[in-house]
Every structure is written in C-alpha cells, then in structure tokens.
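Chemist: Would you mind keeping the following structure in view while I ask a few things?
2 protein chains.
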Amino acid sequence: MNRPKTSARVTSTQVAKLAGVSRTTVSFVLNDVPQMGISEETRERVLLAARQLGYVPNAAARSLVSGATRTVALVVPHNEHLKVDNFIPRMLAGVNETCHARGYKVLFEPMIEAGRPGRFVDLVDSRRIDGLIVLNVPRSEDAHLAHLAAEGFPLVVLGSNLDAHAGIYSIDVDTREAARTATRHLLALGHRQVAHIGFAPNEYHGVSERLYGYRDALREFGIEMDPERVAFANFSAQSGHEAMRALLAREVPITALFAGNDTIAFGAIAALRDAGLRVPEDVAVVGYDDIPLAAYAAPPLTTIRTAPYEQGCEAAALLVRLIAGEQPAERHSTSPVPLIVRASCGTPRVAA
Amino acid sequence: MNRPKTSARVTSTQVAKLAGVSRTTVSFVLNDVPQMGISEETRERVLLAARQLGYVPNAAARSLVSGATRTVALVVPHNEHLKVDNFIPRMLAGVNETCHARGYKVLFEPMIEAGRPGRFVDLVDSRRIDGLIVLNVPRSEDAHLAHLAAEGFPLVVLGSNLDAHAGIYSIDVDTREAARTATRHLLALGHRQVAHIGFAPNEYHGVSERLYGYRDALREFGIEMDPERVAFANFSAQSGHEAMRALLAREVPITALFAGNDTIAFGAIAALRDAGLRVPEDVAVVGYDDIPLAAYAAPPLTTIRTAPYEQGCEAAALLVRLIAGEQPAERHSTSPVPLIVRASCGTPRVAA
DNA sequence: TTGTAGGCGTTATCAT
DNA sequence: ATGATAACGCCTACAA
Chain V
1 MNRPKTSARV
11 TSTQVAKLAG
21 VSRTTVSFVL
31 NDVPQMGISE
41 ETRERVLLAA
51 RQLGYVPNAA
61 ARSLVSGATR
71 TVALVVPHNE
81 HLKVDNFIPR
91 MLAGVNETCH
101 ARGYKVLFEP
111 MIEAGRPGRF
121 VDLVDSRRID
131 GLIVLNVPRS
141 EDAHLAHLAA
151 EGFPLVVLGS
161 NLDAHAGIYS
171 IDVDTREAAR
181 TATRHLLALG
191 HRQVAHIGFA
201 PNEYHGVSER
211 LYGYRDALRE
221 FGIEMDPERV
231 AFANFSAQSG
241 HEAMRALLAR
251 EVPITALFAG
261 NDTIAFGAIA
271 ALRDAGLRVP
281 EDVAVVGYDD
291 IPLAAYAAPP
301 LTTIRTAPYE
311 QGCEAAALLV
321 RLIAGEQPAE
331 RHSTSPVPLI
341 VRASCGTPRV
351 AA
Chain L
353 MNRPKTSARV
363 TSTQVAKLAG
373 VSRTTVSFVL
383 NDVPQMGISE
393 ETRERVLLAA
403 RQLGYVPNAA
413 ARSLVSGATR
423 TVALVVPHNE
433 HLKVDNFIPR
443 MLAGVNETCH
453 ARGYKVLFEP
463 MIEAGRPGRF
473 VDLVDSRRID
483 GLIVLNVPRS
493 EDAHLAHLAA
503 EGFPLVVLGS
513 NLDAHAGIYS
523 IDVDTREAAR
533 TATRHLLALG
543 HRQVAHIGFA
553 PNEYHGVSER
563 LYGYRDALRE
573 FGIEMDPERV
583 AFANFSAQSG
593 HEAMRALLAR
603 EVPITALFAG
613 NDTIAFGAIA
623 ALRDAGLRVP
633 EDVAVVGYDD
643 IPLAAYAAPP
653 LTTIRTAPYE
663 QGCEAAALLV
673 RLIAGEQPAE
683 RHSTSPVPLI
693 VRASCGTPRV
703 AA
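Spelled out as structure tokens, the structure:
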C-alpha cells in the first residue's frame with residue numbers, strides 16, 4: 001500500500017532528502033520564516049514532500065531547542081472533585097477551549113494525589129509546561145505559588161483569596177460579596193434562622209469567603225452568626241445530605257439555608273425532604289454556582305451564577321498573554337456574580 | 353537567601369560539577385542504574401548536590417532520547433460535553449487517578465475543536481504522547497483509530513461499537529443490553545407506550561446501541577418501535593427538556609420514558625412537570641448513567657449505573673500495560689451495568 | 001537562495 | 001568505578 005505513513009518516524013532529514021534540499025530549508029519552509037528568500041518552487045517541493053511522508057515535527061526535539069512546550073497545566077485540588085461537582089469540569093471546558101484555540105495543550109493535574117501533595121512544581125522544573133492555572137488553592141500551598149510567581153513563571157490563580165496572593169495574577173469573583181447577596185436574599189424574604197453549609201472543609205479560601213459573606217449579611221440585619229447553624233460538607237450531594245442531617249439533628253430551628261454549592265444544596269434538599277420538610281414552604285434554599293441542572297430541578301434552585309466556563313476562558317486567555325511575555329497592569333479580575341432567582345426560596349414570609 | 357532555587361535552569365552538568373563527577377555518573381545515580389558499581393560515597397555526593405541545586409531532569413531532553421513522554425491523552429468528542437453532563441468528568445477522574453498513580457500525565461483533548469475535527473492524531477505523530485484513550489468515537493473517526501491500532505500504537509477505546517473496532521482494545525459496557533434492561537423494566541411495570549430520547553445525535557455508536565436495545569425490548573413484548581416516540585437530544589438537560597417538549601407536541605400518548613442519560617432525564621422530567629404531568633404517576637422515567645445527583649433528585653431517578661470512574665480506571669490501567677509492551681489476549685472488557693431502581697418509575701400499573 | 005555546524009540536556013556505549 | 005563521546009531531532013547563526 002502506498003498511503004502516506006503517518007506513523008511519524010519521519011524526520012526532517014527524510015523530508016529534505018525527498019525534496020532534494022537541506023534540513024535548514026525544510027525548517028525555514030515549515031516554520032515559514034520570513035525574509036529568508038525561499039523560492040516559491042522550492043517551497044512547494046518541500047511542502048509536498050512533507051505531506052507525502054506525513055511529516056510532523058518531533059515535539060520533544062522542538063521544545064528542547066525552543067524552550068517552549070505549548071502545553072499548560074490546570075491544577076485542581078483533588079481528582080475527587082471531578083466526580084461529584086461540575087464546577088471544575090465547566091472550568092476545564094473553558095480553559096481547554098481557549099488554550100486549544102491558541103495552540104496550547106492542557107494537562108489536567110490534581111494538586112493532591114492519593115492523600116499527599118502531588119509535586120505539581122515538578123512540571124515547572126522539568127519544563128514540561130509553559131504556564132500554570134491553579135484552582136482553589138489550599139492554604140498549605142500558598143507558599144509554592146508565591147515562589148513560582150516571584151520567579152516570573154506564568155501563573156494564574158482562580159478562586160482564591162486576593163490578599164493571600166497579592167502579587168499573583170488572578171481571575172475570580174467576589175465570593176464574599178456573592179455570599180452576602182445570597183444570604184441577604186433570604187433575610188430580605190423575612191428569614192431570621194438562616195443556616196449555612198460550606199462546600200468543603202475550611203482550609204479552602206473559597207469556603208471562608210462564603211462564611212464571611214454569610215456573617216456579614218447576618219450582621220447587616222443585626223443577627224450574630226450562630227455556629228450551631230453552620231456545617232461543612234465536602235463538594236458532593238451526599239456530603240450535603242449528611243451535613244443537613246447533622247444540622248437538623250442539632251434541633252436548632254432553621255427556616256432557610258445558604259448552601260456552599262448547588263450540588264450540596266441538592267443533597268441538603270433531599271435531607272430536608274427525608275425529614276418531612278418542604279422546600280421552599282418550610283425551608284428556603286439558595287445554592288451557589290448555578291450548575292446546569294439547577295434550573296431543571298424540583299424545585300428549580302435559586303443560586304449564584306459563577307460562570308466557571310467563562311472564568312476558565314478568561315484565565316486561559318490571561319495565561320497565554322503572560323506566556324507571551326506581556327505584563328498586564330491589572331493583576332486581579334473580578335467578574336460579577338448575579339443571583340438567579342428561581343422557586344427554591346418561595347415568597348416573602350411574615351416575620352416570626 | 354540560600355534556599356535551593358527550584359527555578360530549574362539547573363542542568364545535570366551543574367550537578368556533576370558540584371558533586372565533582374561526570375555527567376554520566378550523575379545520570380547513573382539519579383536513574384539508579386544497577387550493576388554499575390557506583391560507590392556509596394559518590395552516590396551520596398551526587399544526590400546531595402542534586403538536592404541542593406533543586407535539580408529536576410529536563411523532560412524534553414529525556415523524552416527526545418528515550419522516545420517516551422510519560423504522557424497520555426484522553427480524547428473526548430467535544431469540549432462542550434464537559435459543561436453539561438458529568439459522565440466525562442467522572443471518567444477523566446478515573447483515568448487521571450490511575451495514570452498519575454503509574455507516573456503518567458494526562459492531556460485532555462477534544463476530538464472536535466470549534467466545529468471541525470481536531471488533529472488528535474498529531475499528538476501521536478509529534479510523539480507528544482505514549483498512548484491514547486478515546487471516548488465515544490463518532491463514526492467519522494473510526495478509520496483514524498483503526499489506522500493507529502494497526503500500527504500498534506497503544507490505544508484504548510471507550511463507549512464504542514465492538515464490531516466497528518474489532519481489532520482495537522476496548523473497555524465498555526454492553527450498552528444495548530443495558531438499554532434492553534431499562535426498557536424492559538418499564539414494560540414489566542405494565543407500560544406499553546414507552547418513549548426514548550437519545551443522548552446525542554445518532555452519529556455516536558452509543559446512541560444507536562441504546563436505540564437498538566430499546567427496540568429489542570419492545571419486540572420482546574410484541575411491540576414495534578414507533579419513530580413518533582423517539583427523539584434525540586444533545587447531552588444537556590436543556591436539550592432533554594426540548595426533546596421532551598417535542599415528543600409531547602406530537603400528541604402521541606406516552607406513559608413512560610427511557611432517557612439516554614440522566615441529565616437528559618432531568619430535563620425531560622422538568623418538561624413533563626411544565627406540561628402538568630407527574631413523575632412517576634403519569635409518566636415513569638428511567639435514566640442512564642447514575643450520576644451522583646440521581647439519588648438526590650425529586651423523585652430519585654431509576655437508572656442504569658455505568659460507573660464511568662471505574663471504566664476510566666480500567667482503561668488507564670490497560671493502556672499502561674499496552675505502553676509497557678504487553679499484548680493482553682482479551683481485547684474487549686465488558687462490565688456489568690446494573691439497573692438501580694428508585695422512585696421515578698413508581699409501582700406497576702394496570703394494563704391500559 | 002541554500003548548506004554547514006553547533007548546541008539544546010539527556011541517556012547509553014564504549015574505553016579507561 | 002568513572003569519564004569521554006556519540007546520538008536523539010530540531011533550530012538557527014553563519015558561511016557560501
């Protein structure tokens with residue numbers, strides 16, 4: 001069979017031989033280096049030869065000499081999160097879309113592997129990537145990131161505390177303000193016994209931001225935060241279910257819930273249902289993220305729209321600029337996070 | 353400050369110099385080549401020097417000479433799918449977990465970028481990856497895969513038609529049988545007007561497999577498939593919602609639905625609700641995949657458990673074996689797909 | 001307009 | 001037991 005072999009043991013030397021030119025010429029043509037004065041005819045011949053042989057340059061060789069890999073990594077705290085929530089998948093979609101459009105491949109890396117910190121820094125040190133996007137940094141990893149940023153390595157941080165990462169480029173939403181908005185919404189509807197379930201253990205920046213926002217809103221209404229009405233889950237619906245059961249078991253009256261993410265909200269709602277409570281009649285619920293299913297659940301969920309896909313796109317676009325050597329003046333971008341009102345909070349209730 | 357610089361312009365030559373040995377020795381020590389008789393003392397010195405300098409071998413250089421990249425790619429049909437369904441994220445979690453545990457990085461690649469076929473084959477040709485896992489191959493890409501497999505490139509296919517990929521290693525479930533099971537469940541409950549919504553356009557193997565299984569089950573009960581009761585969606589809840597509306601608009605009586613995936617099932621259920629129909633009282637619904645939220649929805653969804661995480665793990669484990677040069681005799685692994693019965697189908701109904 | 005030569009950082013084959 | 005030396009495939013001055 002005479003079909004071009006795409007098996008890629010093809011080297012530029014072979015292309016050169018077939019085209020009857022030197023490797024240099026091949027290189028010039030294929031990377032179309034301008035001003036090098038390659039005759040149109042030679043050009044054609046080289047291109048033809050390359051196509052016939054199914055030539056694709058060896059990435060390792062190229063990156064060895066150029067120092068670039070055209071690859072970036074997206075680092076997330078834990079693989080596990082992919083399974084139970086869809087914030088990360090949507091963000092990955094955005095990162096992937098934008099990176100591919102700009103010629104970059106995306107490595108998906110968990111920060112924690114099998115219980116212990118993965119060495120994502122090795123990716124940098126071994127020069128496997130040109131840049132890094134890091135999501136939801138646990139406090140324990142702040143130092144590593146600061147170090148990388150100080151060295152000038154292209155780095156964008158998502159979903160983190162601006163203070164902790166002052167010198168680092170970040171794409172984020174104002175989580176605290178969003179949490180305030182969500183909680184205020186419940187308070188404005190007349191609720192005074194508002195519970196909160198964090199979406200993760202408290203070592204994540206995003207978790208404490210929500211907690212602060214929740215507390216802020218309560219204070220605005222002259223209410224002091226009651227630890228008895230606060231619980232922490234772990235990303236999944238199941239953990240939300242358990243957290244809600246725990247809250248109910250404390251037998252503190254609760255008429256509303258601000259959940260740290262939508263998935264947890266759904267778990268909590270199921271727990272309320274199991275306990276014979278109706279949503280929104282007995283307990284109003286606000287979620288966080290606006291996952292695609294939020295609009296289609298029963299009841300449809302009132303929630304904060306964080307638009308992770310768009311955040312991912314923005315982070316990737318910024319990263320590519322950093323890789324290109326640009327140094328944008330603004331280091332922090334904060335997008336708005338609207339409250340999407342649906343049926344899960346019902347109508348205003350008369351003050352108790 | 354005297355902290356080891358991890359910035360990794362450190363080369364093995366520098367380590368050699370600091371340790372007072374040659375680069376060869378450094379290489380032997382770091383890759384601990386056995387039988388090479390390196391004195392314990394030299395060993396220590398090299399290791400110390402490497403640590404002091406924060407030496408990490410350059411991946412490109414290493415892969416250039418070794419021919420291996422310790423990277424694999426997971427190819428999925430479209431980025432978009434990440435956003436709306438969580439089958440792929442869970443599978444990615446499995447692939448990622450297993451690959452990282454075995455020292456491989458994972459590149460996440462869409463097969464279709466911005467509407468046109470991405471050249472995932474270039475990853476192979478440019479030798480950026482040592483192996484490939486491909487999910488849900490559209491028929492149009494069958495030939496490329498056959499070609500790669502014929503060349504002996506390590507390749508595992510997921511969620512595809514076994515006939516179409518006879519010579520290719522695959523991890524899969526018996527989709528057709530699962531669809532039969534799901535549909536039979538509805539028929540056994542007394543339903544005779546069973547609709548089906550495919551999870552994607554019909555160019556995917558998985559979609560037609562479900563359709564065949566659906567048809568098989570109907571036939572077992574002496575019913576001929578009615579195209580008027582079949583619609584196709586596009587992964588998302590929204591598309592499920594639209595498909596259900598379309599079905600309802602046809603005004604063909606329907607008492608049960610087998611949805612191509614859970615996300616679509618939820619969209620469809622919302623459409624039924626919007627139309628004033630109750631689930632399960634008026635329409636029974638079976639989903640497909642058992643996404644984590646299925647158990648927490650109202651009503652909890654009866655569905656087929658496809659366990660994508662486990663499939664991902666299995667695929668990755670197999671791929672790593674293939675990369676290592678093994679040639680397992682069995683090319684196809686098929687895992688069981690149990691029907692998980694919850695509340696969305698209600699109780700047996702009297703025959704109409 | 002094209003060819004020659006050196007180097008990117010490793011690994012691996014030889015001598016010593 | 002260790003150290004030169006030659007690849008790996010590509011890019012890019014520089015020379016012709």
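So the protein lines, in turn, are chains V and L.
All the letters of the first sequence, read from the start, carry residue numbers 1 to 352 under the numbering used here.
All the letters of the second sequence, read from the start, carry residue numbers 353 to 704 under the numbering used here.
Backbone N, C-alpha and C define an ideal beta-carbon position, used for all residues, glycine too.
In chain order, what residues of the same chain have a beta carbon less than 6 Å from the beta carbon of L/GLN545, not counting five sequence neighbours either side?
Modeler: PRO605, ILE606 and THR607
Chemist: Does L/LYS369 have its Cβ less than 8 Å from a Cβ in chain V?
Modeler: Not an interface residue.
Chemist: Alpha carbons only, please: which of V/ALA231, V/ILE129, V/ASP125 and V/GLU80 is nearest the one belonging to V/MET111?
Modeler: V/GLU80
Chemist: Based on the DSSP output, what are the partners of L/THR654 in its beta bridges?
Modeler: L/VAL638
Chemist: So with Cβ pairs under 8 Å, would you call L/PHE439 a contact of chain V?
Modeler: no
Chemist: In this structure, does DSSP put L/ALA608 in helix, strand or coil?
Modeler: When DSSP states are grouped into helix, strand and coil, L/ALA608 belongs to the strand group.
Chemist: Closer than 8 Å by C-beta to L/PRO553: which residues in its own chain qualify, once you throw out the five before and the five after it? Chain order, please.
Modeler: VAL559, PHE584 and ASN586
Chemist: Spatial neighbours of V/ILE291 within its chain, please: C-beta separation below 6 Å, excluding the five flanking residues on both sides.
Modeler: ASN86 and ASP262
Chemist: Give me the Cβ distance between V/ALA164 and V/HIS205, rounded to the nearest whole Å; I'm assuming they're in contact under 8 Å.
Modeler: The Cβ separation is near 7 Å, so the contact holds.
Chemist: How long is the line joining the alpha carbons of V/ARG45 and V/VAL76, rounded to whole angstroms?
Modeler: 47 Å
Chemist: Give me the residue from L/GLY677, L/TYR407, L/PHE573 and L/HIS430 with the minimum Cα distance to L/ARG471.
Modeler: L/ARG471 has its Cα closest to that of L/HIS430, out of L/GLY677, L/TYR407, L/PHE573 and L/HIS430.
Chemist: Check L/ASP524 in the structure and name its three-state DSSP category.
Modeler: strand
Chemist: Check whether the stretch 335-351 of chain V and the stretch 360-376 of chain L are in contact - that is, three or more C-beta pairs closer than 8 Å.
Modeler: no
Chemist: So, do the stretch 284-303 of chain V and the stretch 321-328 of chain V have three or more beta carbon pairs nearer to each other than 8 Å?
Modeler: no
Chemist: Out of L/GLY446, L/VAL378, L/SER391 and L/ALA611, which has the shortest C-alpha to C-alpha gap to L/CYS665?
Modeler: L/GLY446
Chemist: What is the DSSP secondary structure of V/VAL156, reduced to helix, strand or coil?
Modeler: strand
Chemist: Using 10 angstroms around the beta-carbon of V/PRO4, count the other beta-carbons present and answer buried if the total reaches 16, otherwise exposed.
Modeler: Note that V/PRO4 scores 38 on pLDDT, short of 50, meaning its location in the model is unreliable; the coordinates nonetheless yield the value given after this. Its Cβ having fewer than 16 others within 10 Å, V/PRO4 is exposed.
Chemist: Is L/ALA518 buried or exposed, if buried means 16 or more other CB atoms sit within 10 Å of its CB?
Modeler: exposed
Chemist: Contact between the stretch 478-486 of chain L and the stretch 405-423 of chain L is defined here as three or more beta-carbon pairs at a separation below 8 Å; is this criterion met?
Modeler: As far as the Cβ criterion goes, the stretch 478-486 of chain L touches the stretch 405-423 of chain L, which means the pair count is three or higher.
Chemist: Return the residue from the list L/VAL373, L/LEU416, L/HIS537 and L/VAL508 that minimises the CA-CA distance to L/THR394.
Modeler: L/VAL373
Chemist: Please report the distance separating the alpha-carbon of V/GLY54 from that of V/VAL10.
Modeler: 7 Å
Chemist: I'd like to know whether the C-beta atoms of V/TYR214 and V/ALA179 end up nearer to each other than 8 Å.
Modeler: yes
Chemist: Would you tell me roughly how many angstroms separate the C-alpha atoms of V/GLY222 and V/ARG184, rounded to the nearest one?
Modeler: Rounded to the nearest whole angstrom, the CA to CA distance from V/GLY222 to V/ARG184 is 12 Å.
Chemist: Applying the criterion that 16 or more other CB atoms from any shown protein chain within 10 Å of the CB defines a buried residue, is L/LEU497 buried or exposed?
Modeler: buried
Chemist: Check whether the Cβ of L/THR615 lies closer than 8 Å to any Cβ atom in chain V.
Modeler: yes
Chemist: I need the DSSP call for V/ARG47, collapsed to helix, strand or coil.
Modeler: One detail in the question is off: residue 47 of chain V reads as Leu in this sequence, not Arg. Correct three-state label for V/LEU47: helix.
Chemist: V/TYR296 touches chain L at which residues, Cβ-Cβ below 7 Å?
Modeler: Result: ALA589, HIS593, PHE618, GLY619 and ALA622.
Chemist: Can you name the residues of chain V whose CB is closer than 7 Å to the CB of L/ALA413?
Modeler: LEU64
Chemist: Give the range of the alpha helix (DSSP H) segment to which V/GLY94 is assigned.
Modeler: Residues 87-101.
Chemist: Looking at the C-beta of V/ASP282, does it have a partner C-beta in chain L at a distance below 8 Å?
Modeler: no
Chemist: Leaving out the 5 sequence neighbours to the left and right, which residues in its chain are closer than 8 Å to V/MET1 when beta-carbon positions are compared?
Modeler: Annotation note: pLDDT 29 at V/MET1 (below 50); position unreliable, coordinate value reported separately. Hits under 8 Å: none found.
Chemist: For V/GLU242, count neighbouring C-beta atoms within 10 Å of its own C-beta (all shown protein chains included) and say buried if the count is 16 or more, exposed if not.
Modeler: V/GLU242 counts as buried, since at least 16 other C-beta atoms from the protein chains shown sit within 10 angstroms of its C-beta.
Chemist: Using a Cβ cut-off of 7 Å, pull out every chain V residue sitting near L/TYR661, in sequence order please.
Modeler: LYS83
Chemist: Is the beta carbon of L/LEU674 less than 8 Å from the beta carbon of L/PRO506?
Modeler: yes
Chemist: Report the neighbours of V/ALA26 on chain L: residues whose CB is nearer than 9 Å to its CB, in chain order.
Modeler: The displayed chain sequence assigns Val, not Ala, to residue 26 of chain V. Per Cβ cutoff of 9 Å: no residues; V/VAL26 is ~16 Å from chain L at best.
Chemist: I think L/ARG562 touches L/GLY612, with their Cβ atoms under 8 Å apart; what is that distance to the nearest whole Å?
Modeler: So it is a contact: roughly 6 Å between Cβ atoms.
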